[in-house]
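Below is one structure, written out as structure tokens, with a few remarks after it.
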Amino acid sequence: MSTKSVEFLVRRTPELGMDGRPVQVPVLPDGMVPELHGEHMLINIGPQHPATHGVLRLVLELDGETVVKCTPHIGYLHSSFEKLGEYRTWNQVIPLTDRMDYLAPLIYNCAYAMAVEKLMGIEVTERCKVVRVICMELDRIFSHLLWVGTTAIDIGAFTVFLYTFQERERIYDLHEAFTGARITTSSTRIGGMMADLPSGWIEALRDFVDTLPKTLDETEALLTRNNLWVGRNKDIGVISGADALDWGLTGPNLRASGVAYDIRRDRPYYDYDSYDFDVVTGEQGDCYDRYLVRMEEMRQSLRILDQAIRRLPGGPINVGDPRLILPGKTDLMSDMESMIHHFKVVMEGVKAPADESWFSVESSKGELGMYVVSDGGSKPVRWRVRGPSFINLSALPKMVEGHLLSDVIAINASIDIVLGEIDR
Amino acid sequence: MAEKELKDALAGLESGPQVTPTGAAPRGEPAATEPPSVRALRARFGAAVLHHTVHAQDEHVVYVVAEQLVEVMRWLRHDPEQCYDLLKDLTAVDYGAGRPLEVLYELWSVPLRQGLRVKVSLPLHALEVDSVEPIWKTANWLEREAWDMFGIRFRGHPDLRRILLPEDYAEGHPLRKDFPLRGRFSRAEQTRRALARADESSYTPHELAVLQVEPEPAAADDEGPQGAGR
Chain L
0 MSTKSVEFLV RRTPELGMDG RPVQVPVLPD GMVPELHGEH MLINIGPQHP ATHGVLRLVL
60 ELDGETVVKC TPHIGYLHSS FEKLGEYRTW NQVIPLTDRM DYLAPLIYNC AYAMAVEKLM
120 GIEVTERCKV VRVICMELDR IFSHLLWVGT TAIDIGAFTV FLYTFQERER IYDLHEAFTG
180 ARITTSSTRI GGMMADLPSG WIEALRDFVD TLPKTLDETE ALLTRNNLWV GRNKDIGVIS
240 GADALDWGLT GPNLRASGVA YDIRRDRPYY DYDSYDFDVV TGEQGDCYDR YLVRMEEMRQ
300 SLRILDQAIR RLPGGPINVG DPRLILPGKT DLMSDMESMI HHFKVVMEGV KAPADESWFS
360 VESSKGELGM YVVSDGGSKP VRWRVRGPSF INLSALPKMV EGHLLSDVIA INASIDIVLG
420 EIDR
Chain D
0 MAEKELKDAL AGLESGPQVT PTGAAPRGEP AATEPPSVRA LRARFGAAVL HHTVHAQDEH
60 VVYVVAEQLV EVMRWLRHDP EQCYDLLKDL TAVDYGAGRP LEVLYELWSV PLRQGLRVKV
120 SLPLHALEVD SVEPIWKTAN WLEREAWDMF GIRFRGHPDL RRILLPEDYA EGHPLRKDFP
180 LRGRFSRAEQ TRRALARADE SSYTPHELAV LQVEPEPAAA DDEGPQGAGR
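In structure tokens form, the structure reads like this:
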């Protein structure tokens with residue numbers, strides 16, 4: 000072990016003496032360092048390991064306890080979603096999207112529908128826009144809550160997990176009331192939503208928005224000034240703003256490095272520019288700042304939710320174009336033409352013009368891009384997902400190399416990945 | 000629903016949904032006015048810029064000559080008036096029927112808040128283009144993915160291995176249009192290969208060197224040299 004890493008250890012875990020002051024562990028002077036540079040060791044973390052949040056496998060080359068080289072091996076969950084999408088009609092792709100990021104399924108549903116609507120040149124109704132904003136902000140909180148809970152477990156604090164999962168349970172209930180499913184929501188359709196909001200849903204959401212801050216305060220009381228939490232996260236996995244851009248980091252990971260890039264601000268969609276919220280940035284670009292940024296982002300999402308509930312307009316949730324939207328159930332059962340209409344839309348699918356569109360939204364993990372290419376038919380020629388986790392994970396070696404083995408877990412947790420979307 | 004409206008709708012199913020009128024240029028056609036980046040590119044690189052199209056109302060696409068791609072990209076990245084410092088996406092599209100593959104580079108400038116899509120066309124018999132990894136580190140994994148899924152070789156990539164599929168996957172590149180949905184081999188053959196995989200194939204050559212294990216020679220029926228460009 001090198002001199003530097005000894006000092007590093009001493010600084011971070013001071014041993015307290017009788018007088019309550021840290022004991023100064025003597026660091027061997029230069030020239031007296033024992034020759035411990037032996038063979039490098041190779042260890043596998045994963046693919047079955049609770050701290051990798053899925054089936055990620057990290058192969059680490061270690062010099063003592065210091066990481067010399069880290070190679071992520073991915074693909075253990077590869078399901079070839081993009082290839083499957085080419086065999087499905089535009090609406091049939093939607094169930095594939097929420098199986099990628101099952102921690103924020105509604106954001107993926109919305110992003111895909113928005114890309115296809117842009118390709119088709121459709122503008123959704125005002126009510127639909129606000130409902131989708133509610134969906135996306137709700138799932139941003141949904142995903143960040145899971146992140147705080149599981150990261151705290153990785154680092155050794157169990158209580159936070161129980162606090163945040165109790166709140167997540169309430170979002171699961173909201174998902175279930177709106178879409179019928181708790182995780183695989185599949186709630187959007189091209190041109191609108193699967194259904195309008197059920198009665199009483201907005202009141203339940205209002206209750207959630209009003210009471211979540213209390214849990215966030217409790218979580219922050221447990222973590223923000225916790226000595227162990229700060230010690231495990233501060234100055235760990237530092238990446239500068241310029242490096243973060245070079246490696247393509249987006250979302251909270253990029254903003255923690257001080258780059259205020261948020262698609263909701265920089266290329267607004269769905270009138271995000273008319274909502275009042277702050278783009279949260281950090282300064283150090285370390286694990287601790289990534290934690291602070293996510294906690295504050297949840298509060299900003301609550302602000303947006305509050306405004307969205309206030310401005311939610313009435314009117315139809317789907318566009319009025321019968322070439323896109325199925326007839327109502329009553330019409331379908333009583334009227335022959337509506338039956339034919341329903342049959343044709345379902346069996347032939349909706350046709351999209353021969354064109355392409357690359358559209359992105361700010362997901363909970365970063366920039367979520369959807370690229371759709373059409374040849375004029377009812378199925379995509381190419382459906383591509385720019386997964387934020389995939390690209391954020393590619394910067395992991397840059398962040399962990401030179402740190403200790405135990406920091407790998409903290410850094411890997413801090414970048415917030417979901418393997419369903421990385422492996423696709 | 001009124002009968003006439005419904006008839007129109009049924010007839011219209013053939014042509015797709017009605018476009019919300021915005022007054023923008025028609026799809027996929029050359030725009031009347033080029034954005035500043037495209038004008039600047041034409042002024043600087045002339046013939047290397049092939050043509051420019053607009054998609055989905057406001058997405059500008061520039062086709063460039065594959066040989067000069069890196070030169071163009073480096074200029075787009077570093078020129079203070081372009082400053083495309085974020086490579087958002089890099090992927091390919093196969094349109095099938097023997098048409099050339101298109102590789103696309105989705106660029107974004109964080110300080111200037113502008114985007115541009117650069118494309119190169121690669122004929123099927125020469126799927127090679129220079130790597131942009133030295134310009135944006137993001138390209139490292141994205142180019143590996145494009146190699147894995149489409150079989151495009153990126154010259155100068157430091158570590159061009161498959162990324163989602165195992166390194167010894169021998170059925171080809173799945174997102175190509177000539178690749179059948181369930182793969183090229185039978186289920187029995189796929190299972191046999193999965194069970195017969197050597198442990199060494201789960202490690203990179205560098206990792207095997209640390210372990211002091213000799214890498215296995217490539218199987219004779221695998222397509223191409225293993226991990227080309229390494």
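Protein sequence lines correspond, in order, to chains L and D. So for the first sequence, numbering that gives the first Met the number 0 puts the first residue at 0; every next one is plus one. So for the second sequence, numbering that gives the first Met the number 0 puts the first residue at 0; every next one is plus one. We put the CB at the ideal spot given by N, CA and C, even for glycine.
Item	Value
Any chain D beta carbon closer than 9 angstroms to W357(L)	yes
Any C-beta of chain L under 9 angstroms from that of M72(D)	no
The region 48-58 of chain D in contact with the region 348-359 of chain L per 3-pair CB rule at 8 angstroms	yes
Segments assigned alpha helix (DSSP H), at least 4 residues, entirely inside the region 105-178 of chain D	138-149
Neighbour flag for T190(D) against chain L, beta carbons, 9 angstroms	no
N-terminal and C-terminal residue of the beta strand (DSSP E) that L49(D) is part of	V48 to H54
CB contact check: W146(D) to chain L, cutoff 9 angstroms	no
Alpha-carbon spacing of R174(D) relative to S142(L), whole angstroms	In the sequence as displayed, the identity of residue 174(D) is Leu instead of Arg. L174(D) and S142(L): Cα-Cα distance of roughly 30 angstroms.
is_contact[L453(L), chain D] using C-beta, thresh 9 angstroms	Any property of residue 453(L) remains undetermined from this structure, which presents chain L solely from 0 to 423.
Same chain, Cβ closer than 7 angstroms to G376(L), neighbours up to 5 away in sequence not counted	K350
Opening and closing residue of the beta strand (DSSP E) in which L59(L) lies	R56 to D62
Pair within 9 angstroms by beta-carbon distance, H172(D) and R116(D)	no
C-beta neighbour in chain L for P165(D), strict 9 angstroms	yes
Whole-number beta carbon distance between L55(L) and P46(L), since they are thought to touch under 8 angstroms	7 angstroms
Residue-chain proximity (H48(L), chain A), Cβ-Cβ < 9 angstroms	Structure shown: chain A not included; protein chains present are L and D.
S405(L) burial status per 10 Å Cβ neighbour count (16 or more: buried)	exposed
Candidates D147(D), G155(D) and R41(D), of which the one nearest I73(L) by Cα	D147(D)
Residue range of the alpha helix (DSSP H) that includes V104(L)	A quick correction: the sequence has Pro, not Val, at residue 104(L). From DSSP, the alpha helix (DSSP H) with P104(L) extends over P104 to M119.
Beta-carbon neighbours of V102(D), restricted to chain L and to distances below 9 angstroms	In chain order: nothing, as chain L lies at least about 12 angstroms away.
Near-chain D residues of the region 79-92 of chain L (beta-carbon distance less than 7 angstroms), N- to C-terminal order	S79, E81, K82 and Y86
Cross-chain neighbours of I390(L) in chain D, by beta carbon under 8 angstroms	T137, W140 and L141
N225(L) - partner residues in DSSP beta bridges	Paired residue(s): none; N225(L) is not in a bridge.
Cutoff 9 angstroms: D354(L) Cβ touching any chain D Cβ	yes
7 angstroms Cβ shell around I421(L) - same chain, five flanking residues per side excluded	I73, G386, S388, F389 and L392
Exposure of S333(L), with buried meaning 16 or more beta-carbon neighbours within 10 Å	exposed
Residue closest to A125(D), alpha-carbon to alpha-carbon, out of P99(D), Y83(D), S200(D) and L49(D)	P99(D)
Residue(s) in a DSSP beta bridge with S429(L)	Outside the displayed span of chain L (0 to 423) sits residue 429(L), for which this structure offers no information.
Assigned secondary structure, P71(L) (DSSP; H/G/I helix, E/B strand, else coil)	strand
Exposure label - F178(D); buried when at least 16 CB within 10 Å	buried
Unbroken stretches of the alpha helix (DSSP H), 4 residues or longer, contained in the region 369-415 of chain L	387-393, 395-399 and 404-413
Closest Cα partner of C69(L) within the set V61(D), Q211(D), L210(D) and E206(D)	E206(D)
Chain D within 9 angstroms of Y269(L), Cβ atoms only	no
Enclosing alpha helix (DSSP H) for D288(L) [first to last residue]	C286 to R310
Beta-carbon separation (whole angstroms), L301(L) vs L211(L), contact threshold 8 angstroms	6 angstroms
Distance CB(L118(L))-CB(V318(L)) smaller than 9 angstroms	no
CB contact check: H52(L) to chain D, cutoff 9 angstroms	no
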